[in-house]
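Some notes on the structure that comes next.
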Amino acid sequence: MESEKVCNIKQKARIVCCVPGCNSRSHKNTNVTFHYFPRAAKYFISTPNHFGEYEKIDLLVALKKSVRVKNVNRSMKVCSLHFKVDDYILPSVPTKKKFLKKNAVPTCNLPCEDNIVAQARERRLMERNAKKDDATHT
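Here our numbering runs 1000 ahead of the position in the sequence shown, where the first position is 1.
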């Protein structure tokens, strides 16, 4: 009879940050909060373009470009390590849940430029091949 007991303890969902290279997880980092992506065409921000002129763009597009994610689904979240303190509403007030301002875009701890990553990958490959060559010649 005791073996038939069902454990009714609800497990907390394990949330993972979707930013490439970020290792934040809700079950490991309890002081880190996670934020959903906004819906498309709901919020807009003004941002400078390549010519220095400000243009109005969809916040979701700006977030995807900043985080370097192509497709976003409703389960993807960004952790608080990628936002500045100024991006939060009332950052100095201790609350149970932090709320982002409507125009907040992640600017901290973001992935490197693609060409920098590609160069580093190529360098590591060359080093690995050099080690293999040294091992076969000795």
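We put the CB at the ideal spot given by N, CA and C, even for glycine. Predicted, not measured: the structure shown is a model, and the values here were computed from it.
Per DSSP, Ser1046 is one residue of the beta strand (DSSP E) stretching across Phe1044 to Pro1048. Distance from the CA atom of Asp1087 to the CA atom of Lys1132, rounded to whole angstroms, is 48 Å.
If you look at Lys1065, you'll find it in the alpha helix (DSSP H) that goes Leu1059 to Val1067.
A direct Cα-Cα distance of roughly 30 Å separates Phe1099 from Glu1053. Annotated as distal: Cys1108 and Cys1017, with beta-carbon spacing of 8 Å or more. Put simply, the region 1041-1059 does not touch the region 1089-1096. Fewer than three CB pairs are less than 8 Å apart.
Beta-bridge pairing by DSSP links Phe1034 to Cys1079. Cβ neighbours of His1082 within its own chain (closer than 8 Å, five residues either side excluded): Cys1017, Val1019, Cys1022, Val1067, Pro1106, Thr1107, Cys1108, Asn1109 and Leu1110.
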